[in-house]
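Residue numbers (my numbering), protein chains in the order written: chain P, 17 to 215; chain E, 44 to 643. All C-beta atoms in this analysis are idealised placements derived from N, C-alpha and C, irrespective of residue type, glycine included. Below is one structure, written out as structure tokens, with a few remarks after it.
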Amino acid sequence: MSTIEIPYISSPRPDTGLVNAKLGIWLFLASEVMLFGGLFSAYVLLRVGAETWPEGASILNVPLATLNTVVLITSSITMVMAWASLVRKDINRYRLYNYATLACGLTFLIVKYFEYSAKFHHGLFPSESTFLAIYFTLTGLHGLHVICGMLTLAYLHFIGSKMWKTEPVRYTGRVECAGLFWHLVDLVWIFLFPTLYLM
Amino acid sequence: MADTTTTEEKKPEVSHGEHHEELPFWRKYIFATDHKMIGIQYAITGGFFLFFGFGLMMLMRWSIAYPDQPLPILGFLIGNNGIMSPDTYNTFGAMHGTIMVFMGVVPLAFGAFGNFVLPLQIGAVDMAFPKINAASYWCLFVGGLIMLASFFLPDGAAKSGWTSYVPLADIDIGLGQTFWLIGMIFLITSSLLGAINFITTAIQLRAPGMTFMRLPFFVWTQLVTALLLLLAFPPLEAAALLQLMDRVADTSFFLPTGLVISGEVADISGGGSPILWQHLFWFLAHPEVYVLILPAMGIVTEVIANNARKPLFGYKSMVYSLIFLGFMSFSVWAHHMFITGMGTTLNAFFQTTTMIISIPSVIILSCLFITLWGGSLRFNTPMLFALGFLPMFGIGGLTGLPLGLSAADIHLHDTLYVIGHFHYVVAPGTLFGLFAGIYYWFPKVSGRMMNETLGKLHFWGTLIFMNLVFFPMLIQGMAGINRRLHDGGASYADATAIIEPGFYSHAANYLYLNKWMSMSAWALGLVQILFLVNLIWSIKKGKKADRNPWGATTVEWAAPSPPGHGNFDSPVEVYNGPYEYSVPGASKDFSPQFEKGPST
């Protein structure tokens with residue numbers, strides 16, 4: 017099994033300029049765009065067809081969501097810094113920045129938890145209205161993506177980093193791919209925030 | 044590097060059998076990462092589900108031909124003294140569609156053929172992501188188990204049709220529909236992982252010299268299919284998620300305000316839109332039709348070029364048509380929704396795009412016909428199936444045109460005509476392509492040929508009975524008989540004949556066809572036994588095949604039959620185009636891509 021070698025795992029193929037994983041992750045991101053694109057289209061169609069549609073700010077907590085936006089954007093910056101540290105062969109700095117990213121993700125989830133429980137406390141469940149239904153579905157799915165992103169980053173940090181000693185270039189590539197996913201999760205939130213809270 | 048390692052590994056397999064590097068059974072056959080083994084796993088799973096889905100249909104055909112009469116011998120399968128209730132009929136109908144499309148044809152056409160043949164044809168050692176490849180198969184497996192398990196639920200499996208139209212699917216009692224949705228999420232994930240893997244492999248792992256315009260047409264079809272799966276499946280995942288929310292969290296994404304269920308206004312928040320489901324569903328499901336047909340087109344192209352002993356006519360125009368077809372397939376979905384009241388403007392738009400998308404299919408088909416012109420044809424079993432594909436897919440495509448025109452569709456919508464049309468595309472169309480592929484690549488997979496006599500009997504039986512099953516559907520549909528009726532339209536024709544004597548008796552005149560179609564369907568089932576016998580017998584007893592039994596030009600025939608781990612004895616280099624047959628001045632009538640020939 018280990019005897020065959022699949023080419024272009026860590027060095028790019030000359031004519032495409034890509035390593036396999038990078039092409040793969042971009043294709044995956046394209047499918048993610050279609051997934052959220054489908055849900056955003058559902059939002060548009062539901063809102064256009066609705067007789068009344070509540071103002072987001074009248075139901076949702078805008079200051080908390082603003083805080084979360086700042087937290088996620090910060091996490092994207094620390095994510096880039098973590099990858100850049102690996103490119104400069106500084107694994108310790110990478111670990112530092114990666115902790116920061118994970119901390120930001122955790123903060124986001126905790127804030128989200130308080131938002132959700134406040135809603136449930138006031139009897140605002142997804143079954144209450146189409147607005148709340150799409151709110152919970154979109155933010156829930158996004159939250160799931162945050163959790164998956166954090167699991168990936170934690171895996172690369174604690175278990176996957178063994179590869180740093182044997183194949184540093186490949187390991188850096190893995191962190192870059194995880195980072196690309198993390199940026200997408202961030203980007204989705206940047207679309208979700210104005211759509212649900214401000215419009 | 045790859046050279047030494049592959050020969051090193053292959054030798055002990057041949058000479059010693061049990062070598063210390065040999066993988067344990069569960070790694071080699073169960074949790075395999077070798078693309079060939081995963082391809083075989085896909086083939087077995089897809090084949091099982093095809094026969095299972097066909098079995099459901101053969102039971103349903105009893106109810107259509109002899110409504111409300113007990114089924115002899117096999118009655119225990121459906122309970123209720125062997126009498127099929129309309130509910131059971133609906134369950135079987137919904138699951139027949141789901142199983143055939145998502146668990147039968149896609150795993151076989153895309154998962155099995157793509158996995159086994161694509162890396163070989165581009166001269167790669169494996170797929171780009173072997174572990175993701177295995178994950179993709181196991182997602183299919185879990186999804187399939189969930190679907191099968193749903194048959195044993197107290198209220199049975201999903202029964203709202205394979206399209207799961209809302210509000211019916213939203214308010215269906217029992218867990219069947221919920222299982223269907225969860226199963227679908229697994230199946231979608233499986234296709235998604237597969238699609239990413241296929242595209243990456245086809246772009247990154249091509250052997251030196253294998254430029255894009257030297258890719259065999261089959262690889263192109265798999266590449267476009269993968270792109271369709273990648274971009275069209277996520278919206279269905281979104282839709283499945285929303286329907287799951289409707290069923291589990293009582294939301295109203297697809298339930299309109301004031302919905303009345305069994306005479307009472309439903310206790311829901313309302314504000315949803317049933318049409319939203321249809322848009323999201325068909326945004327996937329129309330490209331899905333091309334997912335079903337394109338791999339078959341690719342297989343047929345390989346087989347026809349090989350057995351016409353002639354270069355493929357118009358390779359480039361075929362490739363460009365294929366790419367155009369892929370793009371266009373994203374803008375035709377609402378031709379399934381002409382009678383939802385979208386309005387004439389939208390209808391006109393989608394009717395136009397539908398007419399446009401028929402052009403590339405016609406170009407591809409015409410190129411295949413012209414390839415036959417003046418060739419010295421060999422009528423072996425794969426070629427027979429490939430030749431059968433051409434007119435059968437032609438009928439399927441041409442009967443689709445009236446459905447694509449909104450005026451004609453108003454009459455034909457939801458009749459058996461639609462069923463006839465779609466099955467002509469997928470059953471004698473796609474399945475013929477898949478049969479051709481199985482007979483064609485069987486020697487590569489097993490190292491042995493399949494029996495030609497049994498194969499030819501299988502072909503003629505299948506061709507005759509498939510037409511006897513599906514052609515009458517077109518006639519019945521034009522006579523106005525609706526689909527999805529457990530008695531085959533009997534009560535419908537009776538009731539309407541009383542209301543408006545004479546007018547609807549037109550439908551009643553064609554009900555006698557039901558018995559003939561059912562008997563043909565059972566006969567079709569019997570003919571498939573020939574195929575199964577041939578398949579199993581040939582694995583052990585078939586005539587031994589060398590590396591290139593068909594005298595073919597594409598790269599998979601450079602590998603040993605069956606190929607060992609790592610596929611090729613030495614790294615492949617590609618010197619010319621994929622279909623260099625009967626090159627003037629060459630020593631033989633085929634100049635393989637992997638050999639330096641006079642044309643290079």
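Within the same chain, and ignoring the five residues on either side of His322 (chain E) in sequence, the residues whose Cβ sits closer than 8 Å to its Cβ are Trp376, Ala377, Met380. Its Cα nearest to that of Glu144 (chain P), the residue E:Gly315 stands out among E:Ile189, E:Gly315, E:Phe633.
Residue pairing from DSSP places Tyr624 (chain E) in a beta bridge opposite E:Phe633. Burial is judged here by how many other beta carbons sit within 10 angstroms of a residue's own beta carbon; Tyr129 (chain P) has fewer than 16 and is exposed. At least 8 Å separates the CB of Asp457 (chain E) from every CB of chain P. Here Ile318 (chain E) has Thr383 as same chain residues with Cβ atoms under 7 Å from its own Cβ, once five neighbours each way along the sequence are excluded. The C-alpha of Ser177 (chain P) lies about 13 Å from the C-alpha of Glu192 (chain P). Within the same chain, Ala200, Gly219, Phe222 come within 6 Å of Ser193 (chain E) by CB-CB distance, once the 5 residues on both sides are set aside. DSSP places Ser74 (chain P) in the uninterrupted alpha helix (DSSP H) bounded by 72 to 75. If you keep only unbroken alpha helix (DSSP H) runs of at least 4 residues inside the stretch 71 to 124 of chain P, you get 72 to 75, 78 to 103.
Counting only the Cα atoms, Gly166 (chain E) lies some 36 Å from Phe97 (chain E). DSSP, reduced to helix, strand and coil, places Thr597 (chain E) outside both helices and strands of the structure shown, so it counts as coil.
Annotation for Val405 (chain E): the continuous alpha helix (DSSP H) segment containing it runs 387 to 415. At a cut-off of 8 Å between C-beta atoms, Arg109 (chain P) does not count as an interface residue with respect to chain E.
The bridge partners DSSP lists for Thr458 (chain E) are E:Asn525. Here Gln636 (chain E) is buried: its Cβ has 16 or more other Cβ atoms, across all protein chains shown, within 10 Å. One thing to note: Phe428 (chain E) has its Cβ within 8 Å of the Cβ of Phe502 (chain E).
Residue range 78 to 108 is occupied by the alpha helix (DSSP H) that includes Ala86 (chain E).
The beta-carbon separation of Gly195 (chain P) and Trp99 (chain P), rounded to 5 Å, stays under the 8 Å limit for a contact. Between Ser92 (chain P) and Trp180 (chain P), the CB-CB gap reaches or exceeds 8 Å. A straight line joining the alpha-carbon of Ile142 (chain E) with that of Thr131 (chain E) spans about 16 Å.
If you check each beta-carbon in the stretch 124 to 152 of chain P against every beta-carbon of chain E, the ones closer than 7 Å belong to Pro142, Ser143, Glu144, Ser145, Thr146, Ala149. Rounded to whole angstroms, the separation of the alpha carbons of Leu285 (chain E) and Ile336 (chain E) is 29 Å. Against chain P, the CB of His608 (chain E) has a partner CB under 8 Å away; the residue lies at that interface. The beta carbons of Pro110 (chain E) and His549 (chain E) sit no closer together than 8 Å. Per DSSP, the beta-bridge partners of Ile304 (chain E) are E:Glu307.
Closest by C-alpha distance to Ala149 (chain P), out of E:Gly523, E:Pro627, E:Arg290, is E:Arg290. The Cβ atoms of Phe432 (chain E) and Phe465 (chain E) lie no closer than 8 Å to each other.
Residue contact check for Ser312 (chain E) against chain P: a CB pair falls below 8 Å. Under the Cβ distance rule, Thr182 (chain P) does not count among the residues neighbouring chain E, no pair being separated by less than 8 Å. Met190 (chain E) is classed as buried because its beta carbon has at least 16 other beta carbons within 10 Å across all chains shown. Here DSSP, grouped into helix, strand and coil, assigns Leu420 (chain E) to coil. Between the C-alpha atoms of Leu102 (chain P) and Val185 (chain P) there is a straight-line separation of about 9 Å. Distances from the alpha-carbon of Leu112 (chain P) to those of P:Glu21, P:Phe174, P:Ile89, P:Lys135 put P:Phe174 closest. Within 7 Å of the CB of Gly65 (chain P), the CB atoms of chain E belong to Ser316, in sequence order along the chain. With contacts defined as CB atoms closer than 8 Å, Val615 (chain E) and Ala601 (chain E) qualify as a contacting pair.
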